[in-house]
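In our numbering, the protein residues as written are 51 to 246. Working notes, structure below.
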């Protein structure tokens, strides 16, 4: 198997993610990014007409990766509890493996950027919450697993844990891994979501 060199477009995005991970307080400029990639600013603009488009490409990568795998979980698993556990773990492991991207998805790296871009990033979590809610509703209908007190509230609990663990990961300088002690955490979440 040959090692393929990443495309210039991918190299630009990788450099952006690395800067977001290794220098969290840095202001991202196209000049600095061009230096990190080893190209001119003009070369950057040939691949991305704006910094906003670079951030949008990162968000799209996260959506494509997570929601493609989510669909696989839904196809392979029938049990709503297993589906929800695997989906939650998937998101936490994805976050763990993509620390710089976590800063984009939470909006932390988008301070000073266009408000529309911040809203675009928050759609990742909105879409995830919709999927969680759907799993809960299907579990109620197909298996009689009644989410407590409602599917909406139970989905809110799950998302609070997911987003909280990702925020803590960022705040800790990426040292407190989101998937740490997952089984124990999930046990408590499941108790709240499906309490009798």
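A virtual CB, placed ideally from N, CA and C, is assigned to each residue, including glycine.
Whole-angstrom C-beta distance between residue 220 and residue 152, which should lie under 8 Å: As a position in the chain shown, residue 152 is number 102, starting the count at 1. As a position in the chain shown, residue 220 is number 170, starting the count at 1. Residue 152 to residue 220, Cβ: 6 Å. Contact.
Among 204, 76, 199, the one whose alpha carbon lies nearest that of residue 183: Indexing the chain shown from 1 puts residue 183 at position 133. Of the candidates 204, 76, 199, the one whose C-alpha sits nearest the C-alpha of residue 183 is 204.
Range of the contiguous alpha helix (DSSP H) that encloses residue 231: Numbered from 1 along the chain shown, position 181 holds the residue referred to as residue 231. From DSSP, residue 231 is part of no alpha helix (DSSP H); its letter is neither H nor E.
Own chain partners of residue 164 with C-beta closer than 7 Å, once the 5 adjacent residues on each side are dropped: Counted from its first residue, the chain shown places residue 164 at position 114. Contacts found: 102.
Rounded Cβ spacing between residue 191 and residue 133 (contact assumed at less than 8 Å): Looking up residue 191 in the chain shown gives position 141. Looking up residue 133 in the chain shown gives position 83. Incorrect: roughly 13 Å between the Cβ atoms, too far for contact.
Contact set for residue 209: own chain, Cβ-Cβ below 8 Å, skip 5 residues either direction: Position 159 of the chain shown, counted from the first residue, corresponds to residue 209. For residue 209, same chain residues with a beta-carbon under 8 Å away, outside a window of 5 residues either side, are 175, 178, 179, 182 in chain order.
Cβ pair residue 158, residue 227 closer than 9 Å: As a working note, residue 158 is residue 108 in the chain shown. As a working note, residue 227 is residue 177 in the chain shown. Taking 9 Å as the cut-off, the Cβ atoms of residue 158 and residue 227 do not count as close.
Outcome for residue 52 when other beta-carbon atoms lying within 10 angstroms are tallied against a minimum of 16: What you label residue 52 is simply residue 2 of the chain shown in a count that begins at 1. For residue 52, the predicted structure reports a pLDDT of 45, less than 50, and the residue's modelled location is therefore unreliable. The matter cannot be settled from this model.
Residue range of the alpha helix (DSSP H) that includes residue 150: Within the chain shown, numbered from 1, the residue matching residue 150 stands at position 100. Where residue 150 is concerned, the enclosing alpha helix (DSSP H) starts and stops at 149-155.
Helix, strand or coil at residue 190 [DSSP, three-state]: Stepping through the chain shown from its first residue, residue 190 is reached at position 140. In this structure, residue 190 counts as helix in the three-state DSSP scheme.
Of the residues 74, 71, 105, 57, the one placed nearest residue 80, counting alpha carbons only: The sequence position of residue 80 within the chain shown is 30, counting from 1. Among 74, 71, 105, 57, the Cα nearest to that of residue 80 belongs to 105.
Nearest-angstrom Cα separation, counted from residue 142 out to residue 116: Taking the first residue of the chain shown as position 1, residue 116 is located at position 66. Taking the first residue of the chain shown as position 1, residue 142 is located at position 92. The alpha-carbon atoms of residue 116 and residue 142 are separated by roughly 10 Å.
Enclosing alpha helix (DSSP H) for residue 208 [first to last residue]: By 1-based counting over the chain shown, the position of residue 208 is 158. It spans 201-221 - the alpha helix (DSSP H) in which residue 208 sits, taken as one unbroken run.
Whole-angstrom distance between residue 156 and residue 114, CA atom to CA atom: Within the chain shown, residue 114 is the residue found at index 64, counting from 1. Within the chain shown, residue 156 is the residue found at index 106, counting from 1. Their backbone Cα atoms lie some 17 Å apart in a straight line.
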